[in-house]
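The opening residue of the sequence shown carries number 47 in the working numbering; numbering runs sequentially from there. All residues carry an ideal CB built from backbone N, CA and C; glycine is no exception.
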Amino acid sequence: MDELHHEEELRSLFRKYMEKDCSEEELRLLMSYSEEEAFLPVWQEMMEEIKEERPAEELYGLYKPAIDKVYAQIVKPKPKIIRYWWAAAASLLLLFSAGAYLWIQQPAKQVLVKQDVQPGTNKAMLTLADGTVIPLDSTGNQVLQQGTAAIRKQGGQLIYDVQETTTEITYNTLNTPRGGQFRITLPDGTNVWLNAASSLRYPTAFIGKERAVEITGEAYFEVAKNAAMPFRLKVAGQMDIEVLGTSFNVTAYKDEPSIKTKLIEGAIRMRAKDQSLVLSPGQQAELTSTGLLRMLNDNKPIQTTAKDGFFTFNQADLPTVMRQLARWYDLEIIYEEGIPEAEFTGDIDKSLTLDQVLKGLSRNRIHYKIEEGRKLIILP
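See the structure below:
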């Protein structure tokens, strides 16, 4: 019998056993296979499939009487046998029941615990000029008064309404944590979509000759037109962007190799020290870690935008993808043995759970496990 057919027969017998549909002859055959090399990998695979349909807690509950009687006899006297308990099991009942038990009870270092992580949500912290910190999320609506400005929170959006002119400039800061995002409408009507782990500092009213704000992290801007008062964006303290009225995306995370800007509509001028570039719609440029401001001519989209709700990858390497996932799902990324070589192209919906995203990435032969503490471990 060839190896593939043999594994298929094993899977069929496992399924019948779990459904309590095994004949006496099939049960003897399955028990005879338990000593073969191919048995454990197929069993582990089948347990994963079964867990998709029935939680491990349910499986454990079904076989708890057998576990209470037999598991203590095998595991407690000889702790080292945990890794090899399946070889010492006297019956397939113990094999399956102890398997369900270990899935729940054993430490993460010994047993692969399958978990999932939910996607990020609308949440942020608003720090007012006087130091007051206000937590924000997508639940409920509220109105705050700050000087001449009324601040309205509607769902996952913050809106500033300037009620009268003022000569006093005060600054607020909107911060999103890892796993958070938020939208804000500034006093001039400019809309900003702030991505995870980002910060926007802005005045509560725009007065003078320009509208100036500061950004770290990533945000998408739709700037309200006002030719008499240019919009200026200071990016991570390293670069300035001058805007008249336009839409653009800027990515300026500390853990990224460069600061990138892509223009969607209108025109912007980028300045860094004695360098300057003007972008037309569809173009993008970057400020490298060495301070070089340059145009990107390959037309690759920026790896994600804060507005559209998708990760967009175009020939992105694994670390680039993982940095995006780490910020949105609030993860610690660990490479167990070096960084696998892989390339990713496509769009991923940010509303998916982490497990759904990783299943898509695994088609590129990326192997992983999720452990407690929001740790994503990339396996060799």
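Problem - Enclosing beta strand (DSSP E) for Ala372 [first to last residue] - result: Following the DSSP letters along the chain, one finds Ala372 in no beta strand (DSSP E) but inside the alpha helix (DSSP H) bounded by residues Leu364 to Tyr375.
Exercise for the section: In angstroms with no decimal places, state the Cα-to-Cα distance between Ala318 and Met341. Expected result: Taking C-alpha positions only, Ala318 is separated from Met341 by approximately 13 angstroms.
Handout entry: Straight-line gap, Asp395 to Glu91 (C-alpha atoms, nearest Å)
Key = Near 28 angstroms, if we compare the C-alpha coordinates of Glu91 and Asp395.
Problem - Where Ser408 sits in the DSSP three-state scheme - result: Helix at Ser408.
Practice task
Take Glu256 and list the residues in its own chain whose beta-carbon comes closer than 8 angstroms to its own, dropping the five residues that flank it on each side.
Solution key: If we look at Glu256 and ignore the five residues flanking it on each side, its Cβ neighbours are Met275, Pro276, Phe277 and Arg278.
Practice task
Flag this pair as touching only if the segment 202-216 and the segment 243-257 have three or more C-beta atom pairs under 8 angstroms; answer yes or no.
Solution key: They touch, by the three-pair rule.
Problem - Beta-carbon proximity of Leu246 to Leu204, cut-off 8 angstroms - result: Contact check for Leu246 against Leu204 fails: the beta carbons are separated by 8 angstroms or more.
Problem - Glu103, buried or exposed, once every other Cβ within 10 Å from all chains shown has been counted against 16 - result: Low per-residue confidence applies at Glu103: pLDDT is 47, beneath 50, and the placement is therefore not dependable, though the value from the model is reported in the following sentence. So Glu103 ends up on the exposed side.
Handout entry: Simplified DSSP state of Leu76, which is helix, strand or coil
Key = Reduced to three states, the DSSP call for Leu76 is helix.
Problem - Test item: CB-CB of Leu323 and Ala331 under 8 angstroms - result: Yes, Cβ-Cβ distance for Leu323 and Ala331 is below 8 angstroms.
Practice task
Following the continuous beta strand (DSSP E) through Ala258, name the residue where it begins and the one where it ends.
Solution key: Run containing Ala258: Arg257 to Glu268, per the beta strand (DSSP E) assignment.
Practice task
Determine the closest residue to Asp301 out of Thr366, Ile261 and Glu311, with distance taken between C-alpha atoms.
Solution key: Out of Thr366, Ile261 and Glu311, the CA that lies nearest to the CA of Asp301 is found in Thr366.
Practice task
Can you have a look at Ser244 and say buried or exposed, based on whether 16 or more other CB atoms are within 10 angstroms of its CB?
Solution key: Counting the other Cβ atoms within 10 Å of the Cβ of Ser244 gives 16 or more, which makes it buried.
Handout entry: DSSP state of Ser244 mapped onto helix, strand, coil
Key = Reduced to three states, the DSSP call for Ser244 is strand.
Practice task
Classify Arg373 as buried or exposed, calling it buried when 16 or more other Cβ atoms lie within 10 Å of its own Cβ.
Solution key: Its Cβ being crowded by 16 or more others within 10 Å, Arg373 is buried.
Problem - Ser304 to Ile261 span [Cα, whole Å] - result: If I take the Cα positions, the gap works out to 15 angstroms.
Practice task
Consult DSSP for Gln192 and reduce its assignment to one of helix, strand or coil.
Solution key: Three-state result, Gln192: strand.
Problem - Rounded C-alpha distance that separates Met171 from Asn272 - result: Each residue's alpha carbon lies about 29 angstroms from the other.
Practice task
Output the boundary residues of the beta strand (DSSP E) element that contains Asn221.
Solution key: Looking at the DSSP string, the run of the beta strand (DSSP E) that includes Asn221 is Tyr217 to Thr222.
Practice task
Ignore the nearest five residues each way along the sequence and tell me which others in Ala175's own chain have a CB closer than 8 angstroms to its CB.
Solution key: Closer than 8 angstroms at Cβ, skipping near neighbours: Gln192, Thr216, Tyr217, Asn218 and Thr250.
Problem - Distance between Ala270 and Asp234 (C-alpha atoms, nearest Å) - result: Whole-angstrom Cα-Cα distance: 7 angstroms.
Problem - Glu378 - DSSP class collapsed to helix/strand/coil - result: Assignment of Glu378 by DSSP, reduced to helix, strand and coil, places it in the strand class.
Exercise for the section: Tell me the start and end of each unbroken beta strand (DSSP E) in the segment 265-353 that is at least 3 residues and wholly inside, in chain order. Expected result: Runs of the beta strand (DSSP E) spanning 3 or more residues and lying entirely within the segment 265-353 occur at 277-281, 285-289, 293-298, 304-311, 314-318, 321-325, 330-334 and 339-342, in chain order.
Practice task
Could you spell out where the beta strand (DSSP E) holding Ala26 opens and where it closes?
Solution key: Coverage of the chain is limited to positions 47 through 426, which leaves residue 26 absent and any answer about it impossible.
Handout entry: Separation of Tyr79 from Pro123, as counted between CA atoms
Key = Confidence at Pro123 is low in this model, with a pLDDT of 37, below 50, so the placement of that residue is unreliable and no value is reported for it.
Handout entry: Where the beta strand (DSSP E) containing Ile416 begins and where it ends
Key = For Ile416, the enclosing beta strand (DSSP E) has its first and last residue at His413 to Glu417.
Exercise for the section: Just tell me which of Leu190, Ser184 and Ala265 has its CA closest to the CA of Thr178. Expected result: Ranking the options by Cα distance to Thr178, first place goes to Leu190.
Practice task
State yes or no: is the C-beta of Ser184 within less than 8 angstroms of the C-beta of Gly201?
Solution key: Contact flag set, yes.
Problem - Local conformation of Val88 per DSSP, three classes - result: DSSP places Val88 in helix when its eight states are reduced to three.
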